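Novice: Have a look at this one before I ask anything.
Protein chains: 2
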Amino acid sequence: MATPPVGALLFDVFGTVVDWRGSVIRAGESLSERTGRSVDWPAFADRWRLEGYLAPIGRIVRGAEPWRDVDALLDAQFDLQAAEAGLLDVASAELAPLRRIWHHLDPWPDAVGGIRRLRTAYVVAPLSNGGFAMLTTMAKRADLGWDCIISTELFRAYKPDPAAYRGGAALVGLPPEQVMLVAAHPGDLRAAQRAGLRAAYVPRPLEWGPSAPAPEDPDPSFDVVAEDFDALGAVLGC
Amino acid sequence: MATPPVGALLFDVFGTVVDWRGSVIRAGESLSERTGRSVDWPAFADRWRLEGYLAPIGRIVRGAEPWRDVDALLDAQFDLQAAEAGLLDVASAELAPLRRIWHHLDPWPDAVGGIRRLRTAYVVAPLSNGGFAMLTTMAKRADLGWDCIISTELFRAYKPDPAAYRGGAALVGLPPEQVMLVAAHPGDLRAAQRAGLRAAYVPRPLEWGPSAPAPEDPDPSFDVVAEDFDALGAVLGC
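Chains as they are written, first to last, in this note's numbering: chain W, 1 to 238; chain B, 1001 to 1238.
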């Protein structure tokens, strides 16, 4: 039986489209320059991501905690880490650019051009656990060129809950098998496949910094593997 | 007390951004050319809009009918009118471009450039009773340049239900008073104002054709009145 054609590419965002770690570090270094405070920003970034985002989302998906929006999760962790870093006496206007950095993350160098290439042949949209306003602000600032914004906030179900993938496909008006998730994380791709979507793996070896372990090998079941979004465009014929 | 600044412009779409009537008529005339069938397309268009869209949405907002998506409403009415017009023996592939025309409507001549101008200073998005996939397809084809797509489908509440306006403001992350609805329909604008939003009236005298009655006068309470989106950009300082 012929495989039905893919009509839409949905993208994981944090790590896949944008360099969250480099963006947090740069915003932290800017704060240090303005205020003279010294902080281990790479460690600050990694912990914020792990304990303020990945861990609470995991608990919500397992049903151990009620759904809360991602700004609330990240803000609570920021306040904790800012207190531990001795930043509580810094004026909130000085802290704001770092506190809100998840709305203003910088894309990987290939992302803007690659998405532009892919959008000539496919509907392109994020499918991210980031909030709807967060993803909208980020896309506008970085000129990401999405056709629409899809946040799992719309389903009150974070990835890897299958409702998030199925909800994304439904919003673009396609059956799951005509929608492909593009992600740097095999776990995200496997969950998308279990929900009926196709899978494009774009490893991002620098996501966790230059000394992080190498990305996982692709599963044999992944439909496409590409080293960046331009290569993905070439593989997908656009 | 100073008025808080507007951060986002949400646009009514059918009649305000796109010329639904002209688009339906052109798709109908194309069908006539291909099949030799003669139909009063202006009357077909007006009735489709009135009985397949405005009337059932009114019943849903009043609570007289359960929510159904807008494709279901429009398709049911199309099938009825196609039968009455003697088109039932036309191949469905021939009928498809007309049946799906609401996903492919043409914008008014000023719309694309005007939205592009307005997006330099504001988040711009539709806030339409059209479906999410319908609005996404339409925007991609016409290059409307939205920052995100907001369909009242996301709230299962059609305008003028206040939940639709409040939901739109919440998705862009702003309080209602920092969001302005742009619409060609005073009733839509009044409902937006009752939900706390600001109102920009852009009358579209040709929406119902060249011999339709003139648009309503603006309410004195409307924040802005402009003759098209370029003029709106000038009034809003961008």
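Each residue gets a CB set at the ideal place from its N, CA and C atoms; glycine is no exception. These numbers were taken from a predicted model, which means no experiment stands behind them.
Any C-beta of chain W sitting closer than 8 Å to the C-beta of residue 1148 of chain B?
Specialist: Judged by the 8 Å Cβ criterion, residue 1148 of chain B is in contact with chain W.
Novice: Can you look up residue 11 of chain W in the DSSP assignment and give me helix, strand or coil?
Specialist: Residue 11 of chain W: strand per DSSP, three-state reduction.
Novice: How about residue 1142 of chain B and residue 1106 of chain B: do their beta carbons lie closer than 8 Å?
Specialist: yes
Novice: Alpha carbon to alpha carbon, how far is residue 1029 of chain B from residue 1140 of chain B?
Specialist: Across the structure, residue 1029 of chain B and residue 1140 of chain B are spaced so that their CA atoms are roughly 24 Å apart.
Novice: Specify the secondary structure class of residue 1150 of chain B as computed by DSSP and reduced to three states.
Specialist: strand
Novice: For the pair the region 171 to 191 of chain W and the region 7 to 14 of chain W, tell me if three or more CB-CB distances fall below 8 Å.
Specialist: The region 171 to 191 of chain W vs the region 7 to 14 of chain W: in contact.
Novice: Please compile the residues from chain B whose C-beta is within a distance smaller than 7 Å of the C-beta of residue 133 of chain W.
Specialist: 1171, 1172, 1173
Novice: Taking the straight line between their C-alpha atoms, what separation do you get for residue 1211 of chain B and residue 181 of chain W?
Specialist: 49 Å
Novice: According to the Cβ coordinates, are residue 34 of chain W and residue 94 of chain W closer than 8 Å?
Specialist: With respect to residue 94 of chain W, residue 34 of chain W sits close: the two C-beta atoms are nearer than 8 Å.
Novice: For the candidate residues W:118, W:206, W:216, whose alpha-carbon lies nearest to that of residue 186 of chain W?
Specialist: W:216
Novice: To which residues of the same chain is residue 157 of chain W closer than 6 Å at the C-beta, ignoring the five residues directly before and after it?
Specialist: Beyond the five residues adjoining it in sequence on each side, residue 157 of chain W comes within less than 6 Å, by CB distance, of 163, 164 in the same chain, given in chain order.
Novice: Residues in the same chain with beta-carbon distance under 8 Å from residue 1018 of chain B, minus the five sequence neighbours each way, listed in chain order, please.
Specialist: 1105, 1106, 1107, 1108, 1111, 1138, 1142
Novice: Residues of chain B with CB closer than 9 Å to the CB of residue 139 of chain W, please, in chain order.
Specialist: 1147, 1148
Novice: Please classify residue 38 of chain W as buried or exposed, where buried requires at least 16 neighbouring CB atoms within 10 angstroms.
Specialist: exposed
Novice: State the beta-bridge partners of residue 180 of chain W as determined by DSSP.
Specialist: W:9, W:198
Novice: Of all the CB atoms in chain W, is at least one closer than 8 Å to the CB of residue 1154 of chain B?
Specialist: yes
Novice: Buried or exposed for residue 1120 of chain B, going by 16 or more other Cβ atoms inside 10 Å?
Specialist: exposed
Novice: Run through chain W and tell me which residues come within less than 7 Å of residue 1136 of chain B, C-beta to C-beta.
Specialist: 123, 147, 148, 172
Novice: Three-state secondary structure (DSSP) at residue 1125 of chain B?
Specialist: strand
Novice: Considering Cα atoms alone, identify which of B:1159, B:1147, B:1101, B:1102 is closest to residue 1118 of chain B.
Specialist: B:1147
Novice: For the alpha helix (DSSP H) containing residue 140 of chain W, name the first residue and the last one.
Specialist: 132 to 142
Novice: Quick check: residue 53 of chain W and residue 73 of chain W, are their CB atoms within less than 8 Å of each other?
Specialist: Yes, the pair counts as a contact, with Cβ atoms nearer than the cut-off.
Novice: Do residue 205 of chain W and residue 199 of chain W have their C-beta atoms closer together than 8 Å?
Specialist: no
Novice: Closest by CA to residue 1207 of chain B, which one among B:1004, B:1012, B:1020, B:1003?
Specialist: B:1020
Novice: Beta carbon of residue 1081 of chain B, beta carbon of residue 1044 of chain B: below 8 Å?
Specialist: Yes; because the gap between Cβ atoms is below 8 Å, this pair is in contact.
Novice: Residue 197 of chain W and residue 179 of chain W: beta carbons closer than 8 Å?
Specialist: yes
Novice: How about residue 1191 of chain B and residue 1159 of chain B: do their beta carbons lie closer than 8 Å?
Specialist: yes
Novice: How far does the alpha helix (DSSP H) with residue 59 of chain W in it reach, from first residue to last?
Specialist: Counted as a single uninterrupted DSSP element, the alpha helix (DSSP H) harbouring residue 59 of chain W occupies residues 55 to 61.
Novice: Tell me the residue span of the alpha helix (DSSP H) that contains residue 1221 of chain B.
Specialist: Element bounds for residue 1221 of chain B: n/a, residue is neither H nor E.
Novice: From residue 221 of chain W to residue 193 of chain W, what does the alpha carbon distance come to, in whole angstroms?
Specialist: 9 Å
Novice: Is residue 161 of chain W close to the ligand SAM? I mean its beta-carbon at under 7 Å from any heavy atom of the ligand.
Specialist: Within the structure as shown, the ligand SAM is missing, as the structure has no ligands at all.
Novice: Are the CB atoms of residue 1087 of chain B and residue 1115 of chain B nearer to each other than 8 Å?
Specialist: no
Novice: Run through the DSSP bridge pairs and tell me what residue 1107 of chain B is partnered with.
Specialist: Beta-bridge partners assigned by DSSP to residue 1107 of chain B: B:1018.
Novice: Rounded to whole angstroms, how far is the Cβ of residue 203 of chain W from the Cβ of residue 184 of chain W, which I believe are closer than 8 Å?
Specialist: 6 Å
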